[in-house]
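Residues in the sequence shown are numbered consecutively from 0, following numbering that gives the first Met the number 0. Below is one structure; the comments refer to it alone.
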Amino acid sequence: MSSTSPRKTPAGRPGRALRRRTWLATGAAGLTGVVGLAAFGVATAGTSDATAAPRVAAARASDEGGYARDDRGGQQGHDGKGEERKGEDRKGEDALGRAQEIPCDPNRLIAAIVRANAEHSGATLKLAKECRYSLLTGPNATGLPTITSEINIIGERSTIERAYNLPNAGATAFRLFRVGNGGSLRLYDVTLRNGLTAAVGVTPASGGAILVDAGGRLLVEKSTLTGNNVIGTTTTTPATGGAIENAGSTVVKHSAFTVNNAFTGGGAIHNTGRLVVEDSLFEANKAGSPTDGGGGIDSVSGSVTIVKSKFVGNAAGGLGGGLNVAGGSADVAETEFKLNIATISGGGVAVTGTGTQAQLRKVELVENTAVAPALTQPGAGGGGVFVGAGSAVTVHEAKVVANSAGQGNGGGFLNLGSLVLFDTTIARNQAVNGAGIYNAASGTVTATRTTITDNQAIVAGGGIFNAAAATAVTLDPTTKVFHNSPDNCAGPGTPIVNCFG
């Protein structure tokens with residue numbers, strides 16, 4: 000193809016490759032309300048590599064171990080045919096039209112996002128197989144252009160990352176994506192890693208990998224978010240959402256969040272909007288602040304729905320080693336919380352805040368721990384679940400087994416609010432008082448068809464310790480409290496009807 004004889008389509012129009020090169024040469028200057036390519040260090044057509052601004056990224060193909068470049072224009076694939084490839088590569092197509100293949104070059108990914116935003120038409124972008132799109136700098140704390148249109152990014156074991164060995168400050172501390180008001184981002188089969196935002200002084204930071212603004216939408220499918228961080232220096236300045244900060248609407252399906260960290264709340268996700276999680280894994284994430292929580296997820300307002308997921312080995316410096324619900328509502332079903340740790344309360348789950356409501360249906364809370372050091376704080380404990388004053392938790396068909404309150408109260412449940420149990424098993428939990436359930440002076444407990452057995456308290460109330468009036472705990476005749484140590488029920492609010500020994 001010569002420079003004077005552009006390749007024609009069957010209709011006689013210049014091919015996509017030529018149109019794209021023309022846009023790169025002229026379109027950036029005409030963008031309105033969109034960051035120009037120069038802001039991201041992309042060399043436009045006609046600029047030699049010797050004089051171009053430094054590139055923001057180096058693309059590395061993980062299967063080659065070195066640098067990879069593809070300077071062919073438009074939608075050319077790695078086979079050089081320039082048009083759609085048959086078979087498996089078509090799986091990235093959707094309602095937005097034919098997928099545009101993005102070579103293993105992060106600058107080409109940046110350019111494609113800028114173009115999709117500018118044309119307001121959206122795009123489906125197909126990443127190169129097993130490519131690492133490695134970013135070196137991020138204007139306004141974000142490595143890629145803010146998503147303001149509807150963009151689908153389809154990977155094939157592809158990775159987008161903040162490059163390693165960068166300083167953790169200034170222009171080299173940045174998240175990977177931001178979804179703006181009105182924007183929509185779908186990620187499929189992509190790994191996001193090593194994103195970083197930093198709270199400085201009184202300026203907060205959020206979303207180590209992704210920030211979803213109010214009015215923005217995010218869908219994450221079959222993807223992995225790992226090793227992303229939000230760092231800070233003081234707990235009075237929020238540094239939240241190690242992987243995702245959601246103020247809009249976020250849906251996560253069939254994905255994994257591992258080894259993400261937030262200095263204050265939400266080791267993996269911090270939510271103030273609408274959050275839905277399905278069939279996903281949260282493992283080894285951490286939220287550090289003693290005044291915040293949610294090693295896996297911290298939902299402080301809005302709503303969170305979790306179905307068929309696992310929270311394993313997450314940690315919180317404050318409340319909710321796996322999940323902390325500090326406002327709004329939560330609905331959790333068919334989900335496992337195992338080996339999570341909270342320094343203060345709610346090793347598995349914590350629900351706090353006046354008016355906060357949570358439903359736990361067919362969940363398993365196993366071997367979670369609330370360290371609760373020497374009862375240094377009121378309400379410390381709740382190895383399985385902590386229910387704060389003014390909050391309400393309803394539990395259906397749950398298994399709460401082998402949790403520990405450390406030096407605190409309530410091995411299975413520590414309740415300061417309203418706790419309603421149906422068809423639930425509470426067994427082999429440990430605490431100082433109330434190994435199965437500790438009901439504080441402000442709390443009420445109602446149990447129906449529930450079994451409380453083989454729990455062990457160091458002092459009293461192996462099954463139930465009731466610090467409220469005796470009428471604050473209601474056990475229906477089908478609820479069984481037996482074989483707990485050193486006793487079944489104890490505390491100022493005893494005897495409890497239908498609890499013996």
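Note that CB positions come from ideal geometry on N, CA and C, so glycine has one too. Quick caveat, the model's predicted, so the values are computed rather than measured.
- Segment contact: the stretch 155-170 against the stretch 129-145, three or more CB-CB distances shorter than 8 Å; contact assigned.
- If you check the CB distance, Gly265 and Thr304 do not come in under 7 Å.
- Around Gly169, the same chain offers no residue with a beta carbon nearer than 6 Å, after the five sequence neighbours per side are excluded.
- Note on geometry: alpha-carbon atoms of Arg161 and Thr423 lie some 45 Å from one another.
- Here the alpha carbons of Pro476 and His269 stand approximately 41 Å from one another.
- Straight across, the Cα-Cα distance linking Leu280 with Ser308 is about 6 Å.
- Less than 7 Å separates the beta-carbon of Asn245 from that of Gly272.
- If the five residues before and after Glu282 are omitted, its C-beta is found closer than 6 Å to the C-beta atoms of Thr257, Val311 and Gly312, all from its own chain and listed in chain order.
- Lys285 and Ala242 have their alpha carbons spaced roughly 11 Å apart.
- The DSSP-derived three-state label of Val496 is coil.
- Counted as a single uninterrupted DSSP element, the alpha helix (DSSP H) harbouring Val113 occupies residues Pro105 to Glu118.
- Assignment of Ala315 by DSSP, reduced to helix, strand and coil, places it in the strand class.
- Cα atoms of Ile340 and Ile152: separation of roughly 35 Å, rounded to the nearest angstrom.
- Distance from the CA atom of Gly411 to the CA atom of Leu418, rounded to whole angstroms, is 12 Å.
- Judged by their CB atoms, Pro203 and Thr236 are nearer to each other than the 7 Å cut-off.
- Gly405 and Gly381 have their C-alpha atoms roughly 9 Å apart.
- When the five nearest sequence neighbours on each side are left out, the beta carbons in the same chain lying within less than 6 Å of the beta carbon of Gly226 are those of Arg192, Asn193 and Val258, in order along the chain.
- If only complete runs of 3 or more residues are kept, the stretch 385-436 shows the beta strand (DSSP E) at 391-395, 398-400, 412-414, 417-421, 424-426 and 429-432, in order along the chain.
- Contact between Arg174 and Thr147 does not hold, since their C-beta atoms are separated by about 16 Å, which reaches or exceeds 8 Å.
- The C-beta of Asn487 has 16 or more other C-beta atoms within 10 Å across all chains shown, which makes the residue buried.
- The bridge partners DSSP lists for Val303 are Leu274 and Ala329.
- Gly206 and Ser133 have their C-alpha atoms some 18 Å from each other.
- Beyond the five residues adjoining it in sequence on each side, Val392 comes within less than 6 Å, by CB distance, of Val350, Ala357, Val386 and Leu418 in the same chain, given in chain order.
- Under the 10 Å beta carbon count, Gly215 is surrounded by 16 or more other beta carbons and is classified as buried.
- Of Gly200, Gly321 and Asn402, the smallest CA-CA separation from Gln455 is found for Asn402.
- When the five nearest sequence neighbours on each side are left out, the beta carbons in the same chain lying within less than 6 Å of the beta carbon of Ala140 are those of Phe173 and Thr196, in order along the chain.
- With a contact defined as Cβ atoms closer than 8 Å, Gly490 and Gly442 miss out at about 11 Å.
- Around the C-beta of Phe499, fewer than 16 other C-beta atoms lie within 10 Å, and the residue is accordingly described as exposed.
- Taking Ile101 as the centre and dropping the five residues before and after it, the same chain places the C-beta of Arg107, Leu108, Ala111, Leu124, Lys125, Leu126 and Ala127 closer than 7 Å to its C-beta, in chain order.
- Shown here, Asn259 sits in coil according to DSSP, grouped into three states, outside any helix or strand.
- The closest CA to that of Ser254, considering only Lys221, Ser183 and Gly142, is found on Lys221.
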